[in-house]
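First comes the structure, then the notes that go with it.
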Amino acid sequence: MRFTLATTLRGLKTDALVLGWFERQKLASHPAWAGLSLTAKQAIQKQLKRPGVSLEWGSQTVVQLPKGPWANIVVVGLGQQADWTARRNRLVTRRVMRTALTAHWAKIVFSFQDLSSEGTARAVENAVLATYEYRAYRQTPTSGWPEVKQVVLVAKHLTAEHQAAVKRGLTIATLVNHARDLANTPGGKMTPRTLAAAAVTLAKGRKLQVRVLTTVQLEKLKMGALLGVGKGSAESPRLIVMEYHGAPKTDKPIVFVGKGITFDSGGYNLKPSNSMAEMHMDMSGGAAVMSAMAALADLRLPLNAVAIIPAAENMVSGSGFRPGDILTSMSGVHIEVGNTDAEGRLVLADGLAYAEKFYHPAIVVDVATLTGAAVVALGQEAAALFTKDDALRRAGQEIGEVSGDYVWPMPFWEEYDGLVKATFGDVTNSGKSRWGGAIEGAVFLSKFVKRSPWIHLDIAPTMSSVEGQALAPGATGSGTRWLIECARRLATGQLPTTR
Ligand code: BES
Ligand code: MN
Ligand code: ZN
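Residue numbers -4 to 494, in our numbering, belong to the letters of the sequence shown in order.
Here it is as structure tokens:
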């Protein structure tokens, strides 16, 4: 998809012209109005008089024109001007792009009432996210896949910053889509080994270094938790480490840790069939941190960053770990296995400990499809955010709003510590209480982050798209945009922690 900027509609030919109005706004006050033909104006006015057609938020009316430079005009209802938000803006862009895909429009022109550079990045980003489809295992139809080849953004006042914003939006969305590709790949094709290979491929041509640790090295490091989870699989576990150096060596890095469970059967605590269905996406956190690293390199952000992805497949076999086993993690903490299906926190235990053993993080952010309980708590529109630092919690929420990767804070008080109390080990990965499962996961992880500012994102709620988000079915790439914005803030001194 190609994006171009223009200051006037004049001379543009397109399959569709997109115009948005607020409720009760005068049609003529839109800067594009004067440039429309009389037929076009009358057609729009006529449509808007029809019963059921309005400028209510969320409405989309396609006005077909017999001739002229645009075959269709999409009239987008923006609702009350006072209610207009970046959130609505993202959705509108995506919905129009989905309409364009279904209608087989190859070229589309958005004419804005006014357009900031952030607005430009947002439009580009969401256009790219909306038109993504996972087609790796589908034969191309004889007529080809529908594809929006060109998007033109028209606004009166454009600067070099708008041009840069196009590039930024494109970079970010392309990498979010890359995370979606990785997560959508079936479990049989996406193993710890292929996930590691994907990291190596991603680093090619970028200022990124990759190191992949295999069984022998993991044994030397005494990563008993990661090895324990991986034991039941014919595909051995990996620890994937990526580094980005964009600042002097003395600058403390931001360290991302991403859950890389390439398939989660639950292990001996086997998942019921319905719950197992999407578990090839259980490496979504790993995919997000990998993509975010590539974005930092492409955006040339002036900071250091590390991504750590403990990758394993959680399977059932004669060699699998068992409920009741006690795993000795790299940090020395003995973990009693209350439930083999609470495997994410196990591999993260070693990943987080690795972060603190080998780096001095400015901040650690882990991203994981950790608990079904987080989905119960929040539904599917926000990931759960945990941190004990009030300032970071506020910053984290703001990062969600600004990036479009929405998060919501959860309580994380020491009163919850009892949730991971073990009988024989130092901690249990799944305690006796049925309640507060997402918090229990976070409390468990906290036992492995001893000295760094830390944020835990449970992205299980936002792992897959839902109706109404105007995204293709499957993975959303959740976490990627959040991590990029978080790193950008650290690089520019806007995160309440220091490098
Ligand atoms: N990968 C799952 C969590 C999950 C559920 C992600 C739904 C995405 C959608 C995780 O490994 C898991 O199985 N968690 C258990 C923890 C429990 C056994 C303590 C859960 O949520 O039931
Ligand atoms: Mn599990
Ligand atoms: Zn899992």
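Glycine included, every Cβ here is placed at the ideal spot set by N, Cα and C.
Can you tell which of Val461, Ala95 and Val422 has the C-alpha that lies nearest to the C-alpha of Leu322?
Counted from its first residue, the sequence shown places residue 322 at position 327. Measuring from the Cα of Leu322, the nearest candidate turns out to be Val422.
Does the beta-carbon of Pro356 have 16 or more other beta-carbons within 10 angstroms, so that it is buried, or is it exposed?
Working through the sequence shown from its first residue, we reach residue 356 at position 361. With 16 or more other Cβ atoms within 10 Å, it is buried.
Would you check whether the ligand MN has a heavy atom nearer than 7 Å to the C-beta of Ala337?
The sequence position of residue 337 within the sequence shown is 342, counting from 1. Ala337 Cβ: within cutoff of the ligand MN.
Across which residues does DSSP place Asp259 in a beta bridge pair?
The sequence position of residue 259 within the sequence shown is 264, counting from 1. Under DSSP, Asp259 forms a beta bridge with Asn309.
When burial is assigned at 16 or more other CB atoms within 10 Å of the CB, is Asp277 buried or exposed?
Residue 277 sits at position 282 when you count from the first residue of the sequence shown. By the 10 Å Cβ count, Asp277 comes out buried.
Mind listing, in chain order, the continuous alpha helix (DSSP H) runs of no fewer than 4 residues lying wholly within the region 322 to 363?
Every unbroken stretch of the alpha helix (DSSP H) spanning 4 or more residues and falling wholly within the region 322 to 363 is given here in chain order: 339 to 353.
Where do the ends of the alpha helix (DSSP H) carrying Ser459 lie?
Position 464 of the sequence shown, counting from 1, holds the residue named residue 459. Counting along the chain, Ser459 falls outside any alpha helix (DSSP H), and DSSP gives it neither H nor E.
Under the rule that 16 or more other beta-carbon atoms within 10 Å means buried, what is Phe353, buried or exposed?
For the purposes of this step, residue 353 is taken as the residue at position 358 of the sequence shown. Per the 10 Å Cβ criterion, exposed.
Going by other Cβ atoms of all chains shown within 10 Å of its Cβ, with 16 needed for buried, is Glu308 buried or exposed?
As a first step, residue 308 is located in the sequence shown; it is residue number 313 there, counting from the start. By the 10 Å Cβ count, Glu308 comes out buried.
Where in the region 371 to 400 do unbroken runs of the alpha helix (DSSP H), each at least 4 residues long, occur, reported from the N-terminal end onward?
385 to 398
Ignore the nearest five residues each way along the sequence and tell me which others in Val48's own chain have a CB closer than 7 Å to its CB.
Locating residue 48 in the sequence shown gives position 53, counting from the first residue. Contacts found: Gln42 and Thr56.
Of all the options Pro406, Thr364, Pro318 and Glu376, which has the alpha carbon lying nearest to the alpha carbon of Thr382?
Residue 382 sits at position 387 when you count from the first residue of the sequence shown. Answer by Cα proximity: Pro406.
Any chance the region 331 to 338 sits against the region 232 to 250, with 3 or more Cβ pairs inside 8 Å?
no
Between the beta-carbon of Met95 and the beta-carbon of Arg117, is there less than 8 Å?
In the sequence shown, residue 95 corresponds to position 100, counting from 1. In the sequence shown, residue 117 corresponds to position 122, counting from 1. The sequence given here has Ala at residue 95, not Met. No, Cβ-Cβ distance for Ala95 and Arg117 is not below 8 Å.
Count the other CB atoms within 10 Å of the CB of Trp430; is the residue buried (16 or more) or exposed (fewer)?
Working through the sequence shown from its first residue, we reach residue 430 at position 435. That one is exposed.
Tell me whether Ile256, by its Cβ, gets closer than 7 Å to a heavy atom of the ligand ZN.
For the purposes of this step, residue 256 is taken as the residue at position 261 of the sequence shown. Correct: Ile256 has its Cβ closer than 7 Å to the ligand ZN.
Please name the residue in Arg175, Glu18, Lys36 and Val13 whose C-alpha comes closest to that of Lys102.
Sequence index remark: in the sequence shown, residue 102 carries index 107 (1-based). Minimum Cα distance to Lys102 is reached at Val13.
At a cut of 8 Å, does the region 162 to 179 reach the region 18 to 25 through at least three beta carbon pairs?
Counting C-beta pairs with one atom in each stretch, the region 162 to 179 and the region 18 to 25 have fewer than three that are closer than 8 Å, which means they do not touch.
Can you tell me where the beta strand (DSSP E) holding Thr366 begins and where it ends?
By 1-based counting over the sequence shown, the position of residue 366 is 371. That residue, Thr366, is in no beta strand (DSSP E); it is neither H nor E in DSSP.
With a CB to CB cut of under 6 Å and the five nearest residues on each side skipped, what residues in its chain are close to Thr210?
Against the sequence shown, residue 210 aligns to sequence position 215. Cβ within range, chain order: Ser231.
According to DSSP, simplified to helix, strand and coil, what is Arg483?
Within the sequence shown, the letter at position 488 stands for residue 483. DSSP, reduced to helix, strand and coil, places Arg483 within a helical segment of the structure shown.
By alpha-carbon positions, which one of Gly399, Val284 and Leu265 ends up nearest to Asp361?
The residue you call residue 361 lines up with position 366 of the sequence shown. Closest by alpha carbon: Val284.
What distance in whole Å lies between the Cβ atoms of Gly280 and Thr498, which are believed to be in contact at a cut-off of 8 Å?
In the structure displayed, the chain extends from -4 to 494; residue 498 sits before or after that span and is not available.
At which residue ranges does the region 7 to 66 contain complete alpha helix (DSSP H) runs of 4 or more residues, listed in the order of the chain?
33 to 44
Look up Glu238 in the DSSP assignment and give the residues it is bridged to.
Translated into the one-based positions of the sequence shown, residue 238 becomes position 243. Answer by DSSP bridge pairing, in chain order: Gln204 and Val301.
Please confirm whether Arg89 and Leu50 have their CB atoms less than 8 Å apart.
The residue labelled residue 89 in the question sits at position 94 within the sequence shown. The residue labelled residue 50 in the question sits at position 55 within the sequence shown. No, Cβ-Cβ distance for Arg89 and Leu50 is not below 8 Å.
How is the alpha helix (DSSP H) around Asp246 delimited, first residue to last?
For the purposes of this step, residue 246 is identified with residue 251 of the sequence shown, where counting begins at 1. Asp246 -> no alpha helix (DSSP H), and no H or E assigned at all.
Compute every distance between the C-beta of Thr457 and the non-hydrogen atoms of the ligand ZN, then say whether any falls below 7 Å.
As a working mapping, residue 457 is identified with position 462 in the sequence shown. False, no ligand heavy atom lies under 7 Å from that Cβ.
Measure the Cβ-Cβ separation of Ser312 and Gly227 and say whether it is below 8 Å.
Within the sequence shown, the letter at position 317 stands for residue 312. Within the sequence shown, the letter at position 232 stands for residue 227. Yes, they are a contact pair.
Contact between the region 65 to 72 and the region 29 to 39: three or more CB pairs below 8 Å?
yes
Just list the beta strand (DSSP E) runs in the region 141 to 192, keeping only unbroken ones of 3 residues or longer that don't cross its boundaries, in chain order.
The beta strand (DSSP E) runs of length 3 or more contained entirely in the region 141 to 192 are, from start to end of the chain, 145 to 149.
DSSP puts Trp403 in a beta bridge; with which residues?
Residue numbering aside, residue 403 sits at position 408 when the sequence shown is read from its first letter. Ala379.
Note down, in chain order, each residue of its chain lying with its Cβ closer than 6 Å to the Cβ of Met274, except the 5 sequence neighbours on either side.
Residue 274 sits at position 279 when you count from the first residue of the sequence shown. Counting only Cβ-Cβ distances below 6 Å, and skipping sequence neighbours, we find Phe258 and Asp259.
Within the same chain, show all residues whose beta-carbon is closer than 8 Å to that of Gly262, passing over the 5 residues directly before and after it, in chain order.
Here residue 262 refers to the residue found at position 267 when the sequence shown is read from its first residue. Non-local C-beta neighbours of Gly262 in its own chain, meaning closer than 8 Å and more than five positions away in sequence, comprise Val224, Gly227, Asn309, Met310, Val311, Gly315, Phe316, Thr335, Asp336 and Glu338, ordered along the chain.
Does the Cβ of Gly470 lie closer than 7 Å to at least one heavy atom of the ligand BES?
The count along the sequence shown starts at 1 and reaches residue 470 at position 475. Correcting the residue type first, residue 470 is Ala in the shown sequence and not Gly. No, Cβ of Ala470 sits at least 7 Å from all heavy atoms of the ligand BES.
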